[in-house]
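Notes for the one structure printed next.
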Amino acid sequence: MHVYLPIAELPVNALLMLALGGAVGFLSGMFGVGGGFLMTPMLIFAGVPSAVAVATGANPLIASSITGTIAQWRRKNVDFKLGLILLAGGAAGALFGVQIVKLLRQAGQFDLTVSLLYVVFMSVVGGLMFIESLRALRKHRQGKPVSMRRPAQHTWIHGLPLKTRFKASKLYISAIPPAALGILVGLLSGIMGVGGGFIMVPILIYLLRVPTNLAIGTSLFQVIFVSAITTVLQAVWNQTVDIALALILMVGGVLGAQAGAVAGQKLRAEQLRLLLAILVLAVGLRLLVGLFAPADLFSISRV
Amino acid sequence: MTPHASNRLNAFFAGWLALLALIAPARAEIPDSIEAEASQNYFYIEPSYNGSSIVLFGSVDHDALKGKAFDIAVTIEGPVKPVTVWKKNRRAGLWINTESLTFDGVPNYYAVLSTRPVSEIAPLAERKARGIGLDALSLPPGKDGLNTPAAAPQEFQSALIRLKQSSGLFVEQSKGAVEFLGTRLFRSHVFLPAAAGAGLYRAKFYILENGKVAGETGARIRLKKIGIEDRLSTAAVFYPWLYGAIAVTLAALVGGGASLVFRRV
């Protein structure tokens, strides 16, 4: 079943896109990350022009992160104060990110930049997750309790000014690191078309010592707004958001997210994290090959 | 006869005279030996659109040809847009776009269909004048296109044609491409891939004898987005804020709706 995409100006297999949205939603339901970091490269592999894939990638994330946030909020896993600070930084970052996309496209370096960013972040995040999940599996085998939260330590982060109390997260830290993290994630969201959960969650957990549940819930909360801002900005400045494609992806996404949430409760978290890590590394590797051994030296783009 | 009717009659004759005046010089140059049209001049892009099947047909005048052997060539091209061709070079181990050339007018789709391979029908010089064949296409480079003039423009043009060919947007076909139904009537069938995109397509029909163009005619085909496809792409360009707001609202409804439906989870 083919559907002609009005903005991408090509037909796509609707069932394939539904399945892609569903698979990404499944992962997001299971791990609490938006899944945009898999969505955009998969769309590009499926033949969607990269400008459309990036601009459209953020749109279905709004739907899946709203569903996710509501579920997490019911379990009191959202720190709204922390979320708003992340969000303020995220809005500023997204504003820059979308502008950078326009400049990069004019310079012909957009595809390269997106690939490079993906390769860097996917290998770092995939690698860390791989090591962490292996460790957790080993601990589990030894019969020790598995906890993602590390003991509180005094780091440079605690020396920064503008200290604020985050009641829900049981933290008393400076507002600067969350704002900076928000800017970074917003920037990536604009350039890569991702919600940024896969970067934000580990940083919240490992660097800011936010409890895992709250890190996931709060990240999802701010992803709603950052991806909404990114979508509007992409629509206004780049005019490459394809609503038809986004709709198919988000329908698949919310269905997949429900299945993922159910599966996530039944299956072993460490094993699933290991699988996700392998998947992330594989996609990163595929993009890396393109950087060092391109299929064709020439490429064409519409002006 | 009423004055009104005679005015109309006068206008009618004046119109015919003007039309004859237009046709007459052309007639003197090339004999009117070919007539052709597309079976359908309008095609529409709807959500289920997956390419169009275009049938072109025409007839040859054997009296004008005086019984000589001839060939038919049909070209279809459109919509014409500027295109940038990038070339990657190795920089610090990575392959990076470093050179580019912008061509001002490149048809997104181009097909040449002929009774025999174009190179056998007429010499390159004759075909270049009319753009009959992939090797005869003239794609003028833009004025400020070249970033790094290390490679010759020909290299970029042949890369462009090669990439277009591999994506099925540039087609050259001779085997069974133009079929004769009897001695005068011919028919040509071409499948326009969905990626060719909306816009104006021009079909040109040539009759060639002895390596020279002996007659030509043309037809126009328009591919239009209609309904939701048209509304969405128009909104994306002319009302981008509204379009962005719709995209966000839609996602919010889907997300919120799913939360209500799957409340138990």
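Top to bottom, those sequences are chains A and B.
When we follow the numbering used here, the leftmost residue of the first sequence carries the number 1216, and every step to the right adds one.
When we follow the numbering used here, the leftmost residue of the second sequence carries the number 216, and every step to the right adds one.
In this text, a Cβ means the ideal position worked out from N, Cα and C, and glycines have one as well.
Beta-bridge partners of residue i, as assigned by DSSP
i        : result
N256(B)  : Note: N256(B) sits in no beta bridge, so no partner.
F420(B)  : V289(B), T432(B)
V1334(A) : DSSP output for V1334(A) lists no bridge partner at all.
L316(B)  : V300(B)
T1284(A) : DSSP lists no partner for T1284(A).
N1228(A) : H1217(A)
T1379(A) : I1388(A)
R437(B)  : Y257(B), L415(B)
G273(B)  : A251(B), F401(B)
S267(B)  : L407(B)
I1277(A) : DSSP, once it has assigned bridges, lists no residue as partnering I1277(A).
S1514(A) : W301(B)
Y324(B)  : G293(B)
S329(B)  : A288(B)
Residues near residue i in its chain [Cβ-Cβ closer than 6 angstroms; skip 5 each side]
i        : result
L483(B)  : The shown model of chain B, from 216 to 480, leaves out residue 483(B), and the question about it has no answer.
F1336(A) : none
I1398(A) : G1304, A1307, G1308
D445(B)  : none
CA-to-CA distance, residue j to residue i, given in whole angstroms
i        : j        : result
L1352(A) : M1245(A) : 18 angstroms
S1442(A) : E252(B)  : 50 angstroms
A239(B)  : S329(B)  : With a pLDDT of 47 at A239(B), under the threshold of 50, the modelled position of that residue is not reliable, and no figure is offered here.
K1354(A) : K1382(A) : 31 angstroms
L1258(A) : A1307(A) : 26 angstroms
F477(B)  : M1216(A) : 27 angstroms
A1461(A) : P1275(A) : 6 angstroms
G412(B)  : K303(B)  : 27 angstroms
Q1473(A) : L375(B)  : 46 angstroms
L1233(A) : T1271(A) : 14 angstroms
D1457(A) : K1296(A) : 33 angstroms
V1263(A) : I1222(A) : 10 angstroms
T1379(A) : Y1387(A) : 6 angstroms
K343(B)  : F371(B)  : 18 angstroms
G346(B)  : L339(B)  : 9 angstroms
S268(B)  : L1512(A) : 33 angstroms
G1298(A) : A1286(A) : 16 angstroms
I1315(A) : I443(B)  : 31 angstroms
S254(B)  : I287(B)  : 18 angstroms
F318(B)  : N1228(A) : 32 angstroms
T1328(A) : G1283(A) : 30 angstroms
L396(B)  : G1236(A) : 50 angstroms
P355(B)  : G293(B)  : 16 angstroms
L1489(A) : M1407(A) : 24 angstroms
V1495(A) : S1265(A) : 19 angstroms
Q1324(A) : S315(B)  : 11 angstroms
Nonlocal neighbours in the same chain, by C-beta distance under 8 angstroms from residue i, ignoring five residues either side
i        : result
I245(B)  : Confidence at I245(B) is low in this model, with a pLDDT of 49, below 50, so its placement is unreliable and the value that follows should be read with caution. So the qualifying residues of the chain are V428, A429, G430, E431.
A1309(A) : G1401, L1402, S1404, G1405, V1441, I1444, T1445, L1448
A473(B)  : none
R242(B)  : Because the pLDDT at R242(B) is just 42, under 50, the model does not fix this residue reliably, and the point stays unresolved.
L309(B)  : none
L1185(A) : Residue 1185(A) is absent from the model: chain A starts at 1216 and stops at 1518.
Contact test: residue i Cβ vs the ligand FMN heavy atom, cutoff 6 angstroms
i        : result
A1306(A) : The ligand FMN is absent from the structure shown, which contains no ligand whatsoever.
Rounded Cβ spacing between residue i and residue j (contact assumed at less than 8 angstroms)
i        : j        : result
G1468(A) : G1251(A) : About 10 angstroms; that fails the 8 angstroms criterion.
I1277(A) : A367(B)  : Not really, about 48 angstroms apart at Cβ, beyond 8 angstroms.
S1389(A) : A1492(A) : That belief does not hold up - the Cβ atoms of S1389(A) and A1492(A) are roughly 31 angstroms apart, past 8 angstroms.
F272(B)  : L423(B)  : No, F272(B) and L423(B) are not in contact; Cβ-Cβ is about 18 angstroms, not under 8 angstroms.
E387(B)  : V300(B)  : Going by Cβ atoms, the distance from E387(B) to V300(B) rounds to 20 angstroms, so no, they are not a contact pair.
I1300(A) : A1394(A) : 6 angstroms
G504(B)  : A409(B)  : Outside the displayed span of chain B (216 to 480) sits residue 504(B), for which this structure offers no information.
G391(B)  : R417(B)  : Going by Cβ atoms, the distance from G391(B) to R417(B) rounds to 23 angstroms, so no, they are not a contact pair.
S389(B)  : P332(B)  : 5 angstroms
Own chain, CB closer than 7 angstroms to residue i, minus 5 neighbours either side, in chain order
i        : result
Y1219(A) : P1226
Y259(B)  : K439, I441
V1451(A) : none
V1438(A) : G1249, L1276, S1280, G1410, G1411, G1412
G1499(A) : Y1333, V1334, M1337, S1338, G1341
I311(B)  : K303, N304
(message) Three Cβ pairs or more, each shorter than 8 angstroms: is that satisfied between the stretch 1281-1296 of chain A and the stretch 1429-1437 of chain A?
(response) yes
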